[in-house]
Amino acid sequence: MATFKARARAVDMLGRQQIAGIPTAINELFKNAHDAYASHVIGDYFRRDRLLIIRDDGVGMSREDFVNKWLVVGTESKVSGGITPPSGESKRSVLGEKGIGRLAVAAVGPQVLVLTRSAYSDVMTFALVNWTLFTAPGIDLEEIEIPIADIPVGIIPTKNDVSALVHTLQDNVRRLRDRLSATVYTTVLDESNALLKFDPQQIEQRLKGPSLTQGSGTQFWISPTDEMLARDISGNPNDDSEAPPLFKMLIGFSDTMVPGNPPPPMVASFFDHKTNELATDVIGAGEFFTPQEFSFADHQINGRFDEFGQFSGTVSVYGSDPVKHQVAWPGSRGQETLCGPFTLNLAYVQGSKSASRLTPEDFNRMTRKLSRVGGLYVYRDRVRILPYGNHDFDWLDIERQRSKSASDYFWSFRRMFGVVGIDSSTNHRLQEKAGREGFRANAAYRDFRDVLQNFLVQTARDFFREDSTHDTWRITKQELEREAEARKRHDKQSRQRRTEFRKHLVKAETLLNQGEPEREVGRVLSELESELSEATSDRDPTHAAQKVLAAESHAQRSITELRTRYRLARPRGVALPKAVMQDWETYQREYESLEVNLLQSTRVEIERRSSAAAHRLGSVLDRRRRLEAGLQRTFDEALASMTRSEREVLECFGNLRDQVTQQIRDAKRIVEEEIRDVQSHLASTSTDDLSDQDITDLRRVFEDRVTDAADLQSTILQNLRDRVRLLTDDDASNTQGDVVDVIASLEHEVTSLRDRADNDLELAQLGLALQVINHEFSASIRSVRTNLQRLRSWADANKALRPVYSDLRASFEHLDAYLRLFTPLNKRLYRRDTILKGSEVEKFLSDLFLERTSKEGITLEVTPAFRDARVRAYPSTLYPVFVNLVDNAIYWLTTRSGPRIVRLDYAAGAWIVSDNGPGIASVDHERVFELGFSRKPNGRGMGLHISMDVLHKEGWELYLAAESPIGGASFVLREPKRPAVSDEPEPDEILP
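When you number the sequence shown by the numbering used here, it's gap-free, plus one each residue, and the end is 1066.
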């Protein structure tokens, strides 16, 4: 009698060669953690060490379990019902039933250290498996020994424990040397030798979360990992829109997106340790869809397919009340489906921003997320089945159907996200492939796909087509698109008017700054003087008088034209960006100066010179005649202005009237054409063979066509009516504001919020960058500090190293002293209100700026009142403000010669920072706290704005004093009104 035998290569063929890739292998290990009743499973990838650790807090394994189950290929432990659930836990459906999922570890790396602790055992099992041995031909499975050891509970294996397993493995390899190829033999020895320096206890200190020193669980320590793992985590560096392979396979491991669902039985995380101090959870909660995002999507579908494939549930369109909806599956024919009943929860976001109810920010954010993780996911017992949900796996052929007719099919695979929920008991015929590449293409899977495809087609017809029975989508979409088009049109007009205004503003400011008005006034006065001289020299008194009047009129008219050229009007109904508003305010000040200091004085000068000329002519040109001539000139200019305005208004009104009339005609024509078309169809339709019900249905179809056309055109005309009413209902003579001013006000508010959002984003990015730098720098400092301590022992033993060590230590301590100065600035480490003393602030600032003040010859004066001042406050708030003020003072002091002083003073709840520098120009007093304003070359204009903002949030005030006691600038930090500070010492002050 013969029997089967298994070579060692069978393990490699069933494991590494059956798995599609590393992400799939890690997903398989996560599923094993689920089957072990873990509440958390965590992956930790240490890039520098090429080490991957998969750990969970499940029930773990005893030595007996590990030997008789984990090391048994195709074990029946899961087929027979799986692991007995811990006390208080509900029984979980088994996700892995073949007993070969554990072999997926081989796809990640060539060897693994297994650490496992059973909830019912008092020892930890520690083993080493080298998968390279299982690639060797001619070796039987039972000839390969797996080194294993027991470790007392409460400790992690040591470096010596690892070495012991390595030596046992290598002894086994040497016994098999004659039957191993040179390549396999050398490779296994090299791989295992690398573990001789491996110290699990040191690595354990870098891990957070489940620990075998405190509870049960299983951990896989894989080193070195395959080179592809780093690429699978990072993805394509040239394409941010494409999700990395590992991200796609692990994201949404548990069903968490559907509102109202209970928390998942297990939470999965995967940390990418790019450095020893910086780790990022690449599948964190914010990366996947949330119940909130599901709820505010444009459309939601929720329901269940019964055993016959019929859907019963609700459909909500654009946030409307859910409508009950049923869809039958024609393929049933009265027979139960082979796939079994299942649930569907689907959310959809419109492809066009103009057709979506989401805000522009939410729409853009959701679009980015959909491009990475959008799709229809399948969950068995609330655990994801791969690869369903990957947007590059269109398993329902949605895009192919859409390519045939987008208007009829509606759905896009990249705009939807949702869950198809199945379970192990009722959907057992849906069987996964061995390589975890989806379901087997059996009859049950065929029914499963057909039911869903039929549902999507029918639901699109019922809700999401122009001729759908339910018209909520059509009406709301048209309204959203109409509003979007109106906003687009208004934005375009506003943009054009802003551009035109900015162009005129820049031109006017340029001419004003170049002194062009002064030159033009000079030319006007010169011409006036010439004309008056000519007039007074005329021997004909009548002609002379007329020439004087003409000369004066011409000069005054020239000044009026000059004023018109330089007087700009801010466009109504248009919001101006912050930068343009600042230019506009500057222009207004300059124009006001022009009007008062130049134009008005020029008018007076024209009148004076004309009066002098008239006086020389005697009684021929009396005062009344000059007065009447001047008034007549004003009358003519006013009437001419009114005539121009009248012509412009009548022209706009005529255009509006023509447009309104044309739209009314078009609306009426469309309805009349629809009526004629219905009449034509009615005339060509024979009713002799139609039943009463057929007649009723036909009439309803014809009526619906006419009614729908009339309703649509009536809506268009009503919208037109409302727009006209906005103009006619307002009192045009009302100077307190009308609809144009309201629009301008709202647009200005939106523009201001956008500017603030952009600034806040810039600050947030800067903060994140500083956080990363702080992480990296702190880690480097700790490393230098540790290595200096190690170097000391070498320096003690080697005299030649002592000078080098001393210099390194002195330089480091100098740098470290500066770093320690900034400890109070860290909000997380120093976020406790304390009694802040002026003397402490003085010492902090003196130490921080000692080198700069000494170099620049600057004196930091501190008054006794400042030293004795005390206030309860957050040092993390006040210290950065003092640093910013003193830093600014030092900068501006370096631009002047002579004594340079920065003075710190205190008076009646006010902390004062003054300097004797060049001061702040009066024109900048109101702008100095604006975000982005700075007179420093390459200044970002953030310091004073942030300082004022953070102080304001805690009740403080920061303002620029009207004058400085020592000249220059003086800033005041005004304390909030609160009870006086007690003189009792702080608790930490009385500690020994």
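The C-beta atom is built at its ideal place from N, Cα and C for all residues, glycine as well.
- For Tyr-119, DSSP records a beta bridge to Leu-126, Asp-346.
- For Pro-415, the secondary structure class from DSSP, reduced to helix, strand or coil, is coil.
- For Ala-784 and Ser-428, the gap between their C-alpha atoms comes out near 25 Å.
- If you look at Ala-984, you'll find it in the beta strand (DSSP E) that goes 984-989.
- Looking at the DSSP output, Ile-975 sits in a beta bridge with Thr-933.
- Counting of Cβ neighbours within 10 angstroms places Gly-1029 among the exposed residues, the total staying below 16.
- The alpha helix (DSSP H) runs of length 4 or more contained entirely in the segment 199-276 are, from start to end of the chain, 233-249, 256-267.
- For Arg-431, there is no enclosing alpha helix (DSSP H), as DSSP gives it neither H nor E.
- The distance from the Cβ of Thr-206 to that of Met-135 is about 24 Å, inconsistent with a contact at the 8 Å cut-off.
- Where Gly-377 is concerned, the enclosing beta strand (DSSP E) starts and stops at 373-379.
- In this structure, DSSP gives Lys-873 a helical state, which the three-state scheme calls helix.
- By the neighbour-count criterion, in which a residue is buried when 16 or more other Cβ atoms sit within 10 angstroms of its Cβ, Met-87 is exposed.
- Going by beta carbons, Ser-1021 and Ala-1035 fall outside the 7 Å limit.
- Rounded to the nearest whole angstrom, the C-alpha separation of Thr-190 and Phe-272 is 18 Å.
- Contact check for Phe-575 and Pro-645: beta-carbon distance about 5 Å, within the 8 Å limit, so the pair qualifies.
- If only complete runs of 3 or more residues are kept, the segment 486-530 shows the beta strand (DSSP E) at 490-496, in order along the chain.
- By the CB criterion at 7 Å, His-347 and Phe-104 fall outside the cutoff.
- Approximately 4 Å separates the beta-carbon atoms of Pro-221 and Leu-239; this is inside 8 Å, confirming the contact.
- Counting along the chain, His-689 sits inside the alpha helix (DSSP H) bounded by residues 674-691.
- Taking a cut-off of 8 Å on C-beta distances, the segment 750-765 touches the segment 775-783, as three or more cross pairs fall below it.
- Note that the C-beta distance between Ile-932 and Arg-977 is not below 7 Å.
- Taking the C-beta atoms as reference points, Pro-274 is found nearer than 7 Å to Ile-230.
- If you draw a straight line from the Cα of Ile-994 to the Cα of Leu-1025, it comes to about 22 Å.
- CA-CA distance, Tyr-980 to Pro-333, rounds to 57 Å.
- According to the DSSP secondary-structure assignment, Asp-355 is paired through a beta bridge with Phe-345.
- Per DSSP, Phe-956 is one residue of the alpha helix (DSSP H) stretching across 949-967.
- Cα atoms of Cys-726 and Ser-568: separation of roughly 18 Å, rounded to the nearest angstrom.
- Excluding its 5 nearest sequence neighbours in each direction, Gly-132 has C-beta neighbours in its own chain below 6 Å: Ala-107, Ala-110, Tyr-111, Ala-112, Gly-291, listed in chain order.
- In this structure Thr-417 is in contact with Gly-495, their Cβ atoms being roughly 4 Å apart against a cut-off of 8 Å.
- DSSP places Arg-454 within a strand segment (E or B) once states are collapsed to three.
- A straight-line Cα-Cα distance of about 7 Å links Leu-269 and Ser-237.
- Between Glu-381 and Gly-405, the beta carbon gap of about 13 Å keeps them out of contact (Cβ cut-off 8 Å).
- Assignment of Pro-365 by DSSP, reduced to helix, strand and coil, places it in the helix class.
- Between the alpha carbons of Glu-590 and Gly-596 lies a distance of about 10 Å.
- Residue burial annotation: Ile-769 is exposed, with fewer than 16 other C-beta atoms found within 10 angstroms of its C-beta.
- Considering only Gln-279, Ser-255, Gln-293, Pro-298, the residue with the shortest C-alpha distance to Asn-267 is Pro-298.
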